[in-house]
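In our numbering, the protein residues as written are 26 to 648. Quick reminder that beta carbons are idealized off the backbone N, C-alpha and C, glycines included.
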């Protein structure tokens with residue numbers, strides 16, 4: 026029998042390894058930035074083009090490398106971080122496997138420039154497909170510059186299945202944020218397609234969070250700190266009232282390394298359980314300091330999944346520390362039954378003199394005294410101005426006397442000559458629609474009860490309005506009719522970089538649906554108009570809610586972008602439960618619902634109404 030097992034070529038083995046480490050351009054960004062941090066850099070610059078498909082460049086001012094180290098860095102399992110197996114239990118660096126550069130160069134073209142501070146000249150290397158094609162001595166700044174070009178050039182299938190430019194850019198921004206947040210002592214800069222997205226100066230942890238997510242985050246942060254023998258907890262969590270419906274602002278760092286852990290996330294959520302809005306996720310930025318021997322980070326190539334030695338104790342400590350911070354900073358409501366707020370509290374440390382309160386009375390005041398005559402005022406011309414009353418007092422009674430001519434006046438005669446505008450056409454339509462309905466009534470400010478075509482119908486007002494708006498926006502996108510009404514005062518919106526990229530990807534569709542919004546900078550936008558029927562909405566709140574709902578729809582179900590957008594728009598604009606409606610509004614909503622193509626369900630597949638026929642009511646009563 027012939028032998029069938031043989032060794033793979035190095036190029037093929039590197040490509041297989043690259044599939045585990047480099048899943049998308051964001052993976053290469055993470056590995057290169059972590060290498061820069063390990064080099065002791067104080068400033069790191071990230072430059073990307075075409076969402077990393079064309080160029081990913083990381084420039085740092087770290088220690089640099091020698092010519093031999095530069096060549097060895099492209100080899101598999103070549104590392105300077107560990108020497109023995111015991112070093113795996115005392116890791117203090119980001120990388121240690123020696124797989125990052127070897128995996129990247131297997132699927133891309135890499136250009137490296139590096140120089141140490143004590144060397145006069147640096148080295149320039151070009152690696153194409155795990156083969157060094159060029160090597161020369163050059164003049165270059167201290168540090169290392171790595172450029173990754175034409176990612177997945179030799180794996181067309183992998184490049185084909187990459188997401189859109191906006192989606193891949195968002196993933197890169199997410200990785201950039203994770204690395205930049207935990208290293209506030211390092212200055213970071215992100216440039217996307219020659220546009221500066223982030224320029225983060227050195228500072229502390231709180232300043233870095235505010236720099237990344239915006240100034241509005243400063244008021245939302247609550248400090249958390251706890252030091253135990255097992256784990257040290259430090260960082261911030263967001264106030265419960267600012268929690269969002271989507272994930273994305275949850276950050277756990279273990280020994281300055283970003284991790285994902287649903288078990289520890291449950292500890293934070295459990296501590297805020299009673300304070301969080303329904304189906305909302307808390308915001309937190311928490312650092313955990315643990316003995317490296319008590320945590321294993323070598324269980325996944327991405328190093329975002331870790332294994333703790335005593336996970337239950339860490340859970341209990343984290344939950345207790347969160348509750349303590351909630352009470353310490355008065356985030357959680359408290360009841361003090363020993364304090365009476367209607368009385369001033371006694372201060373036992375007050376040592377000042379105590380005097381009896383006195384009542385002051387004006388003894389010269391006489392309520393029956395007549396007012397004195399007003400003195401004449403003399404002007405420069407010599408003429409004098411005297412009071413109209415001979416006695417010097419003013420007759421207030423005449424001020425309130427009614428005009429005798431208007432006392433018995435018929436005001437209908439006065440308005441007889443005024444011509445009023447004709448009744449608005451929309452009002453006429455509403456009245457005509459009301460005539461179609463026998464009876465309309467709102468129940469619990471959530472449901473509409475009516476009789477329609479001989480049936481007793483109960484309608485969910487929110488779901489019904491969602492269906493009406495959904496078909497309205499679908500028609501607007503298909504027919505390409507812009508029905509925007511300009512705002513009197515345009516409203517500016519500032520978003521974080523990831524949300525800004527998401528909004529940019531749907532700007533043409535939003536404009537087609539009647540939302541006149543334009544870019545005003547890398548992360549800033551201006552809303553000039555809203556749909557003509559919805560001009561009274563808060564533009565900023567609408568866009569923020571739209572982004573959150575759009576992300577939620579995109580995560581739960583893989584649906585078309587326009588489909589997700591119209592669903593998000595209809596849910597955020599629709600009438601809310603608990604909103605009181607007038608008879609005309611209810612009648613108009615009912616008629617619009619039954620004019621829809623699919624009035625039975627809302628865009629999310631939930632029933633909009635149910636009905637009872639006369640026979641069904643009779644059967645119920647006869648039982």
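Which listed residue (588, 504, 567, 129) has its alpha carbon closest to that of residue 56: Residue numbering aside, residue 56 sits at position 31 when the chain shown is read from its first letter. Residue nearest to residue 56 within the set 588, 504, 567, 129 is 129 (criterion: CA-CA distance).
Rounded to whole angstroms, what is the Cα-Cα separation between residue 298 and residue 348? Translated into positions along the chain shown, residue 298 becomes position 273. Translated into positions along the chain shown, residue 348 becomes position 323. In this structure, the straight-line span from the alpha carbon of residue 298 to that of residue 348 is close to 10 Å.
Per DSSP, residue 166 forms a beta bridge with which residues? Residue 166 sits at position 141 when you count from the first residue of the chain shown. Answer is none; residue 166 lacks a bridge partner.
Per DSSP, residue 481 is paired with what? Sequence index remark: in the chain shown, residue 481 carries index 456 (1-based). The partner list for residue 481 (beta bridge, DSSP) reads 476, 637.
Where residue 35 sits in the DSSP three-state scheme: Position 10 of the chain shown, counted from the first residue, corresponds to residue 35. Three-state result, residue 35: helix.
Assuming contact is defined by CB atoms lying nearer than 8 Å, are residue 258 and residue 249 in contact in what I supplied? As a working note, residue 258 is residue 233 in the chain shown. As a working note, residue 249 is residue 224 in the chain shown. The Cβ atoms of residue 258 and residue 249 sit closer than 8 Å to each other.
With distances taken between CB atoms, is the gap from residue 49 to residue 196 smaller than 8 Å? Within the chain shown, numbered from 1, the residue matching residue 49 stands at position 24. Within the chain shown, numbered from 1, the residue matching residue 196 stands at position 171. A contact, by the Cβ cut-off of 8 Å.
Within 8 Å, strictly: CB atoms of residue 597 and residue 567: Translated into positions along the chain shown, residue 597 becomes position 572. Translated into positions along the chain shown, residue 567 becomes position 542. Yes, they are a contact pair.
Give the straight-line distance between the Cα atoms of residue 641 and residue 491, rounded to the nearest whole angstrom. Walking along the chain shown from the start, residue 641 turns up at place 616. Walking along the chain shown from the start, residue 491 turns up at place 466. So the two alpha carbons sit approximately 29 Å from each other.
By a C-beta neighbour count over all protein chains shown, 10 Å radius and 16 as the cutoff for buried, is residue 600 buried or exposed? Working through the chain shown from its first residue, we reach residue 600 at position 575. Label assigned to residue 600: buried.
Touch check for the region 159-171 and the region 82-96: three-plus C-beta pairs under 8 Å? Taking 8 Å as the limit for Cβ pairs, the verdict is that the region 82-96 does touch the region 159-171.
Taking the beta strand (DSSP E) that residue 134 falls in, what are its first and last residues? Reading the chain shown from its first residue, position 109 is the one you call residue 134. Residue 134 -> beta strand (DSSP E) spans 134-140.
Comparing alpha-carbon positions, which option in 175, 131, 46 lies nearest residue 80? Taking the chain shown and counting its residues from 1, the one referred to as residue 80 is at position 55. Residue 175 is the option with its Cα nearest to residue 80.
Helix, strand or coil at residue 267 according to DSSP, with G and I counted as helix: For the purposes of this step, residue 267 is taken as residue 242 along the chain shown, with counting starting at 1. Correct three-state label for residue 267: helix.
Skipping 5 residues on each side, what residues in its chain have a beta carbon closer than 7 Å to that of residue 321? As a first step, residue 321 is located in the chain shown; it is residue number 296 there, counting from the start. Cβ within range, chain order: 331, 332.
Got a sec, what are the start and stop residues for the beta strand (DSSP E) residue 149 sits in? Working through the chain shown from its first residue, we reach residue 149 at position 124. For residue 149, the uninterrupted beta strand (DSSP E) segment begins and ends at 147-153.
Taking the alpha-carbon positions, what's the residue 565 to residue 218 distance? Translated into the one-based positions of the chain shown, residue 565 becomes position 540. Translated into the one-based positions of the chain shown, residue 218 becomes position 193. Cα-Cα distance, rounded: 27 Å.
Quick one: grab the DSSP three-state call for residue 321. Here residue 321 refers to the residue found at position 296 of the chain shown. Looking at residue 321 - three-state DSSP - the assignment turns out to be strand.
If you compare alpha carbons, which of 504, 531, 548 is closest to residue 523? Residue 523 sits at position 498 when you count from the first residue of the chain shown. Looking only at 504, 531, 548, the smallest Cα-Cα distance to residue 523 is reached by 548.
Quick check on DSSP: helix, strand or coil for residue 630? To locate residue 630, count along the chain shown from 1; it is residue 605. Coil, per DSSP.
With H, G and I counted as helix, E and B as strand and the rest as coil, what does DSSP make of residue 541? On the chain shown, residue 541 is found 516 positions in, with the first residue counted as 1. Looking at residue 541 - three-state DSSP - the assignment turns out to be strand.
Assuming residue 493 and residue 618 are in contact, meaning their beta carbons sit under 8 Å apart, how far apart are those beta carbons, in whole angstroms? The residue labelled residue 493 in the question sits at position 468 within the chain shown. The residue labelled residue 618 in the question sits at position 593 within the chain shown. The beta carbons of residue 493 and residue 618 sit about 6 Å from each other, so the pair counts as a contact at 8 Å.
Rounded straight-line distance, which links the Cα of residue 300 to that of residue 624: By 1-based counting over the chain shown, the position of residue 624 is 599. By 1-based counting over the chain shown, the position of residue 300 is 275. Straight-line Cα distance between these residues: approximately 37 Å.
If you drop the 5 nearest sequence neighbours on each side, which residues of the same chain put their C-beta closer than 7 Å to that of residue 47? Locating residue 47 in the chain shown gives position 22, where the first residue counts as 1. Excluding the 5 residues flanking it on each side, residue 47 has same chain C-beta neighbours closer than 7 Å at 53, 128, 129, 132, in chain order.
Measuring only the C-alpha atoms, how far is residue 440 from residue 620? Mapped onto the chain shown, residue 440 falls at position 415. Mapped onto the chain shown, residue 620 falls at position 595. At residue 440 the pLDDT is 39, less than 50, meaning the model places this residue with poor confidence and gives no usable figure here.
Indicate the three-state DSSP secondary structure (helix, strand or coil) for residue 283 in the structure shown. Residue 283 sits at position 258 when you count from the first residue of the chain shown. Strand.
Throw me the rounded Cβ distance for the residue 232 and residue 265 pair, which I believe falls under 8 Å. Position 207 of the chain shown, counted from the start, is the residue given in the question as residue 232. Position 240 of the chain shown, counted from the start, is the residue given in the question as residue 265. Going by Cβ atoms, the distance from residue 232 to residue 265 rounds to 23 Å, so no, they are not a contact pair.
Just the C-alpha distance for residue 471 and residue 483, rounded to the nearest angstrom, thanks. The residue given as residue 471 occupies position 446 in the chain shown. The residue given as residue 483 occupies position 458 in the chain shown. Approximately 10 Å, taken between the alpha carbons.
Where do the N-terminal and C-terminal ends of the alpha helix (DSSP H) with residue 310 fall, by residue? For the purposes of this step, residue 310 is taken as the residue at position 285 of the chain shown. Where residue 310 is concerned, there is no enclosing alpha helix (DSSP H), although the beta strand (DSSP E) around it starts and stops at 309-314.
Per DSSP, residue 556 forms a beta bridge with which residues? Taking the chain shown and counting its residues from 1, one reaches residue 556 at position 531. Beta-bridge pairing links residue 556 to 509.
With H, G and I counted as helix, E and B as strand and the rest as coil, what does DSSP make of residue 180? The residue labelled residue 180 in the question sits at position 155 within the chain shown. DSSP places residue 180 outside both helix and strand once states are collapsed to three, so it counts as coil.
Specify, as a first and last residue, the run of the alpha helix (DSSP H) that residue 618 falls within. Position 593 of the chain shown, counted from the first residue, corresponds to residue 618. Residues 608-619.
With DSSP run on the structure shown, which of helix, strand or coil describes residue 118? As a working note, residue 118 is residue 93 in the chain shown. It is coil, neither helix nor strand.
Determine the burial state of residue 163: buried for a count of at least 16 other Cβ atoms within 10 Å of its Cβ, exposed for fewer. As a first step, residue 163 is located in the chain shown; it is residue number 138 there, counting from the start. Classification for residue 163: exposed.
Using the C-alpha atoms, what's the distance from residue 636 back to residue 643? Mapped onto the chain shown, residue 643 falls at position 618. Mapped onto the chain shown, residue 636 falls at position 611. In this structure, the alpha-carbon of residue 643 lies about 14 Å from that of residue 636.
Between the alpha carbons of residue 36 and residue 329, how many angstroms are there, rounded? Numbered from its first residue, the chain shown carries residue 36 at position 11. Numbered from its first residue, the chain shown carries residue 329 at position 304. Between the alpha carbons of residue 36 and residue 329 lies a gap of roughly 27 Å.
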